[in-house]
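Chemist: Have a look at this one.
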Amino acid sequence: MRLVTSYINPDLDGVASGIIYATYLADRRAVAAFAGSLNAETTGVLAHLSIADDLELDRPGAADNDGVVLIDCHHPAQIPHIPDRSGVVLIIDHHPDGDAAAFPNALVQNEAVGAAATLVAERVAAAGSDGSLSRLASAHAALLACAIASNTLDFSAPSTTDRDRRMFAALAALADPDAALDALLSRMREWRQSFLSAPTTEAVHQDVKIVEGRFGPIAVAQLEGDGASRLLARPDLRQAVEGLADRPAVQYVLLSLVDTAAGTTTLITPDPLVRQALMALSPESVDDITLRLPFIALRKTHVIPALTAGYRPTSSYPGRISG
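Next comes the structure, spelled out in structure tokens:
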């Protein structure tokens, strides 16, 4: 059996793309299985479409002897559940921060689109006898459409392309009216910003990726939603961000607040080295731990590349520097 997976704690794009690949594109029996936990948006969409049974959690060894298909990621630090990278046979990704050389036996498709779901949907169409998406079940068409909308932040993210828009339209046309896609997209926005009603530490730790930056391992948290910048008013925000360093091997920390209503991104870090790296994005300095960008900056498209520019693997890192 072949394992189709993504980074630990995957988002809707990785999960949806994995399910569709395992169901329609694998050249042998495959299972979509993911390590970690799923966010509220992903579990909500899967439940709404009644396809939660199409995947499994915490089964990273489901296909140890038959290869791994890695979707929506090819950064080694983000896949601790895949210790043997030589077993990865295919990568489908859309981010500039990965390391293709770390996967010596993998065919790599890494294209600049807004969602991995767009690439997977294009593969489904190309594999069909008529070059269309007609063989997709309506619930699966809706799932991919939701993933594209989610990962492009309803097509407001700067990484959005015409390919994403065209594929979303084609998938939406295939979705069963009973899926109530417009209403589901509205619910997704509510799920994405549910962190606003959570305690600060819980919110900050909700979506974290560990990145091997050029000066050490960095925990990069990101929260997206209308009004995300309201968290800046919380007196315990700095403490919650600093608490990200309690994760194993983490030396530096960063929180990115993507306010989709304001069209801005606020970056919070107590670490001078992280702040210095982020200056490549030309932010406005708000205070000693806060930087602001006048646009929607995505973690994998903008932030992580700034943190990893010029990175070369090393066996040791300098100690954490706190402001």
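Counting in the numbering used here, the sequence shown runs from 18 upward without gaps. Backbone N, C-alpha and C define an ideal beta-carbon position, used for all residues, glycine too.
Quick check: what's the CA-CA separation for Leu298 versus Val105?
Modeler: The residue given as residue 298 occupies position 281 in the sequence shown. The residue given as residue 105 occupies position 88 in the sequence shown. About 33 Å.
Chemist: Tell me the rounded alpha-carbon separation between Leu315 and Tyr24.
Modeler: As a position in the sequence shown, residue 315 is number 298, starting the count at 1. As a position in the sequence shown, residue 24 is number 7, starting the count at 1. Spanning the two alpha carbons is a distance of roughly 16 Å.
Chemist: Just verifying my parser: in three-state terms, what is the DSSP assignment at Ala144?
Modeler: The count along the sequence shown starts at 1 and reaches residue 144 at position 127. In this structure, Ala144 counts as helix in the three-state DSSP scheme.
Chemist: List in chain order: all unbroken alpha helix (DSSP H) runs of 4+ residues lying wholly within the region 232-274.
Modeler: Counting whole runs of 4 or more residues, the region 232-274 contains the alpha helix (DSSP H) stretches 254-259.
Chemist: Assuming contact is defined by CB atoms lying nearer than 8 Å, are Ile109 and Gln126 in contact in what I supplied?
Modeler: As a position in the sequence shown, residue 109 is number 92, starting the count at 1. As a position in the sequence shown, residue 126 is number 109, starting the count at 1. In this structure, Gln126 lies closer than 8 Å to Ile109 by Cβ.
Chemist: By a C-beta neighbour count over all protein chains shown, 10 Å radius and 16 as the cutoff for buried, is Arg247 buried or exposed?
Modeler: Looking up residue 247 in the sequence shown gives position 230. That one is exposed.
Chemist: Apply the 10 Å Cβ neighbour rule to Phe172 and answer buried if 16 or more other Cβ atoms are within range, or exposed otherwise.
Modeler: The residue labelled residue 172 in the question sits at position 155 within the sequence shown. Answer is exposed; the Cβ neighbour count stays below 16.
Chemist: Exposed or buried, which one is Met296 when buried takes at least 16 other CB atoms within 10 Å?
Modeler: In the sequence shown, residue 296 corresponds to position 279, counting from 1. Looking at its Cβ environment, which holds fewer than 16 other Cβ atoms inside 10 Å, Met296 is exposed.
Chemist: Can you tell me the Cβ-Cβ gap for Gln268 and Gly233, rounded? I've got them flagged as a contact below 8 Å.
Modeler: Working through the sequence shown from its first residue, we reach residue 268 at position 251. Working through the sequence shown from its first residue, we reach residue 233 at position 216. Between Gly233 and Gln268 the Cβ distance is about 4 Å, and since that is below 8 Å, they are a contact.
Chemist: With distances taken Cα to Cα, identify the nearest neighbour of Gln239 among Asp116, Val270, Ala132.
Modeler: As a working note, residue 239 is residue 222 in the sequence shown. Residue Val270 is the option with its Cα nearest to Gln239.
Chemist: Are Asp138 and His111 close, meaning C-beta to C-beta below 8 Å?
Modeler: The count along the sequence shown starts at 1 and reaches residue 138 at position 121. The count along the sequence shown starts at 1 and reaches residue 111 at position 94. Here residue 138 turns out to be Ala, not Asp, going by the sequence shown. Cβ distance not < 8 Å, so Ala138 and His111 don't count as in contact.
Chemist: Determine the closest residue to Arg46 out of Asp195, Ile68, Val21, with distance taken between C-alpha atoms.
Modeler: To locate residue 46, count along the sequence shown from 1; it is residue 29. Arg46 has its Cα closest to that of Val21, out of Asp195, Ile68, Val21.
Chemist: Alpha carbons only, please: which of Asp288, Pro265, Pro311, Thr59 is nearest the one belonging to Leu274?
Modeler: Walking along the sequence shown from the start, residue 274 turns up at place 257. It is Pro311.
Chemist: Please report the distance separating the alpha-carbon of Arg206 from that of Ile165.
Modeler: On the sequence shown, position 189 is the one that residue 206 refers to. On the sequence shown, position 148 is the one that residue 165 refers to. For Arg206 and Ile165, the distance between alpha carbons rounds to 13 Å.
Chemist: Measure the Cβ-Cβ separation of Ala123 and Leu107 and say whether it is below 8 Å.
Modeler: Here the question's residue 123 lines up with position 106 in the sequence shown. Here the question's residue 107 lines up with position 90 in the sequence shown. Yes; because the gap between Cβ atoms is below 8 Å, this pair is in contact.
Chemist: Report all residues from its chain with a CB closer than 8 Å to the CB of Leu188; omit the five preceding and five following residues, and keep chain order.
Modeler: If you number the sequence shown from 1, residue 188 lands on position 171. Closer than 8 Å at the Cβ level, and outside the excluded window around Leu188, lie Ala138, Leu150, Leu153, Ala158, Ala159, Leu161, Ala162, Ile165.
Chemist: Measure the C-alpha to C-alpha separation of Ala196 and Arg183 and round it to an integer number of angstroms.
Modeler: Along the sequence shown, one-based indexing puts residue 196 at 179. Along the sequence shown, one-based indexing puts residue 183 at 166. So the alpha carbons of these two residues sit roughly 20 Å apart.
Chemist: From Ala79 to Gly280, what does the alpha carbon distance come to, in whole angstroms?
Modeler: Working through the sequence shown from its first residue, we reach residue 79 at position 62. Working through the sequence shown from its first residue, we reach residue 280 at position 263. Confidence is the limiting factor: at Ala79 the pLDDT is only 44, short of 50, which leaves the residue's position unreliable and the question unanswerable from this model.
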